[in-house]
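So the mapping is simple: the working numbering equals the position in the sequence shown, first residue as 1, plus 28.
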Amino acid sequence: MKIVNSVAELDDGCTFVPTMGALHAGHASLFTAARSQSDFVVASIFVNPLQFENSKDLELYPRTPERDIEIARDSGATHLWLPQQSEIYPDNFTKRFAGPIGEIFEGSHRVGHFDGVVTVVSRLFDLLRPTKAIFGEKDFQQLFLIRKLAKSSYKDLEIIAAPTVRESDGLALSSRNIRLNKTDREAATVIFKALVAAKNSQTLEEARRVIFEISSQEPLFKLDYAEIINEGNFAIATQSTLKQRAIIAGWLNGVRLIDNMEMNLSSETPGAR
Ligand code: PAF
29 MKIVNSVAEL DDGCTFVPTM GALHAGHASL FTAARSQSDF VVASIFVNPL
79 QFENSKDLEL YPRTPERDIE IARDSGATHL WLPQQSEIYP DNFTKRFAGP
129 IGEIFEGSHR VGHFDGVVTV VSRLFDLLRP TKAIFGEKDF QQLFLIRKLA
179 KSSYKDLEII AAPTVRESDG LALSSRNIRL NKTDREAATV IFKALVAAKN
229 SQTLEEARRV IFEISSQEPL FKLDYAEIIN EGNFAIATQS TLKQRAIIAG
279 WLNGVRLIDN MEMNLSSETP GAR
């Protein structure tokens, strides 16, 4: 694997996996998926200040550079791009806005977060000019907004979604999990339990109820939002929504955790669906 600091050392046409480092098995699965598509896989590591709505979270974001290089190399990246902030954000860079869907759910709790995400992703795409780019489903609202960005501004770029990788007890892998102590780590399983209980529900109404009930049974977990949405437009799912997804987010001792799961639920309304 070749490590570069400037995009000038990279050709166009790669399969791209952008990251903010603190790599784990979830990222490794993205590199492996990318490598199955192409022999030219660029991973980038850039901790994007624009997507952190407070400086404390940016400061606390884990940084594990040596391990990151090993993981990227061992799981299929052929090139690792470590840009300087001046390459991504020269004085005249254009700020992007995520639009209304960037302001709901995760966006309403992290004001400006998705504007920062679409800005950095468009800068990375403009500089690197990849053919394909892979993003994890764990950040489902991010994936939605990046697909929308690509549809409007990068028509030849293929966006590929990769499934969430989980620990054996169901916790979705996240760079932030490193910050959970043993008690918090055990408490964190409430998120997966709530999603599975929702999936096993008979109706949308029951699913919404059980997500709130189960999340409130874990006193350490502070729920921010839970909802079942339409994957196509992020509206609240109804009985006629074909692609439903439960999304959930909250805090465990100062660590923000998010997750989501596909659902297939009817409504209590008789004869619906
Ligand atoms: O998902 C992430 O790690 C980041 O939001 C991304 C897409 C690399 C942009 O900074």
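Virtual Cβ for every residue (Gly too), placed ideally from N, Cα, C.
Legend entry - Which residues DSSP lists as bridging Gln272, in chain order: As a first step, residue 272 is located in the sequence shown; it is residue number 244 there, counting from the start. Bridge partners of Gln272: Asn258 and Met291.
Inset, instruction - Go ahead and pull the three-state DSSP assignment for Ala105. - result: To locate residue 105, count along the sequence shown from 1; it is residue 77. Correct three-state label for Ala105: coil.
Legend entry - Candidates Asn209, Arg204, Thr43 and Leu88, of which the one nearest Glu186 by Cα: For this step, residue 186 is matched to residue 158 along the sequence shown. The residue with the shortest Cα to Cα distance from Glu186 is Thr43.
Legend entry - Between the CA atoms of Ser72 and Ser66 - distance to the nearest angstrom: Your numbering for residue 66 matches position 38 in the sequence shown. Your numbering for residue 72 matches position 44 in the sequence shown. The straight-line gap from Cα to Cα measures roughly 16 Å.
Legend entry - Minimum C-alpha distance to Tyr182 - residue among Arg194, Leu155 and Ser203: For the purposes of this step, residue 182 is taken as residue 154 along the sequence shown, with counting starting at 1. Nearest option by C-alpha distance: Leu155.
Inset, instruction - Could you tell me if the beta carbon of Asp102 falls within a distance shorter than 7 Å of some heavy atom in the ligand PAF? - result: Indexing the sequence shown from 1 puts residue 102 at position 74. Answer for Asp102: no, Cβ out of range of the ligand PAF.
Inset, instruction - Label Asn261 either buried or exposed according to how many other C-beta atoms from any shown protein chain fall within 10 Å of its C-beta, with 16 as the threshold for buried. - result: For the purposes of this step, residue 261 is identified with residue 233 of the sequence shown, where counting begins at 1. Looking at its Cβ environment, which holds fewer than 16 other Cβ atoms inside 10 Å, Asn261 is exposed.
Inset, instruction - May I have the straight-line CA-CA distance separating Ser294 from Pro90, to the nearest angstrom? - result: What you label residue 294 is simply residue 266 of the sequence shown in a count that begins at 1. What you label residue 90 is simply residue 62 of the sequence shown in a count that begins at 1. Looking at the two C-alpha atoms, the distance is approximately 41 Å.
Legend entry - Assigned secondary structure, Ile187 (DSSP; H/G/I helix, E/B strand, else coil): Locating residue 187 in the sequence shown gives position 159, where the first residue counts as 1. Ile187: strand per DSSP, three-state reduction.
Inset, instruction - For the alpha helix (DSSP H) holding Ala235, just list the boundary residues, first then last. - result: Taking the first residue of the sequence shown as position 1, residue 235 is located at position 207. Its alpha helix (DSSP H) spans residues Leu232 to Ser244.
Inset, instruction - In angstroms with no decimal places, state the Cα-to-Cα distance between Pro298 and Ile31. - result: Sequence index remark: in the sequence shown, residue 298 carries index 270 (1-based). Sequence index remark: in the sequence shown, residue 31 carries index 3 (1-based). Here Pro298 scores only 48 on pLDDT, less than 50, and its place in the model should not be relied on; the value that follows carries that caveat. Spanning the two alpha carbons is a distance of roughly 59 Å.
Inset, instruction - Report yes if the C-beta of Val147 is less than 7 Å from at least one heavy atom of the ligand PAF; otherwise report no. - result: Taking the sequence shown and counting its residues from 1, the one referred to as residue 147 is at position 119. Residue 147 is actually Thr in this sequence, not Val. Outside the cutoff, so no.
Inset, instruction - Would you decide whether Phe168 is buried or exposed? Buried here means 16 or more other CB atoms lie within 10 Å of its CB. - result: Position 140 of the sequence shown holds residue 168. By the 10 Å Cβ count, Phe168 comes out buried.
Inset, instruction - Specify the secondary structure class of Ile116 as computed by DSSP and reduced to three states. - result: Position 88 of the sequence shown, counting from 1, holds the residue named residue 116. If DSSP states are grouped into helix, strand and coil, Ile116 belongs with the helices.
Legend entry - Under the three-state DSSP convention, the category Asp167 falls into: Along the sequence shown, read from residue 1 onward, the residue named residue 167 stands at position 139. In the structure shown, Asp167 sits in coil (DSSP, three-state: anything other than H, G, I, E or B).
Legend entry - C-alpha gap between Val224 and Gln267, whole angstroms: Position 196 of the sequence shown, counted from the start, is the residue given in the question as residue 224. Position 239 of the sequence shown, counted from the start, is the residue given in the question as residue 267. Taking the straight line joining both Cα atoms gives about 19 Å.
Legend entry - Three-pair Cβ contact test at 8 Å for the region 102-110 versus the region 217-234: no
Inset, instruction - Within 10 angstroms of the Cβ of Phe150, are there 16 or more other Cβ atoms? Answer buried if so, exposed if not. - result: As a working mapping, residue 150 is identified with position 122 in the sequence shown. In the sequence under discussion, the amino acid at residue 150 is Ser, which differs from the Phe named in the question. Classification for Ser150: buried.
Legend entry - Residue span of the beta strand (DSSP E) that contains Ala50, given as start and end: Counting from one through the sequence shown, the residue named residue 50 turns up at place 22. Looking at the DSSP string, Ala50 is not in any beta strand (DSSP E), and its letter there is neither H nor E.
Legend entry - Contact under 8 Å by Cβ, Ile206 with Ala53: Here residue 206 corresponds to residue number 178 of the sequence shown, with the count starting at 1. Here residue 53 corresponds to residue number 25 of the sequence shown, with the count starting at 1. For Ile206 and Ala53, no; Cβs fall outside 8 Å.
Inset, instruction - Give me the Cα-Cα distance between Asp119 and Arg157, rounded to the nearest whole angstrom. - result: The count along the sequence shown starts at 1 and reaches residue 119 at position 91. The count along the sequence shown starts at 1 and reaches residue 157 at position 129. Approximately 21 Å, taken between the alpha carbons.
Inset, instruction - Can you check DSSP and say which residues form a bridge with Lys30? - result: If you number the sequence shown from 1, residue 30 lands on position 2. In DSSP, Lys30 forms a bridge with His107.
Legend entry - Any non-hydrogen atom of the ligand PAF closer than 7 Å to Gln169 Cβ: Taking the sequence shown and counting its residues from 1, one reaches residue 169 at position 141. No, Cβ of Gln169 sits at least 7 Å from all heavy atoms of the ligand PAF.
Legend entry - Distance cut-off 7 Å: Thr92 Cβ against heavy atoms of the ligand PAF: Residue 92 sits at position 64 when you count from the first residue of the sequence shown. Incorrect: Thr92 has no Cβ contact closer than 7 Å to the ligand PAF.
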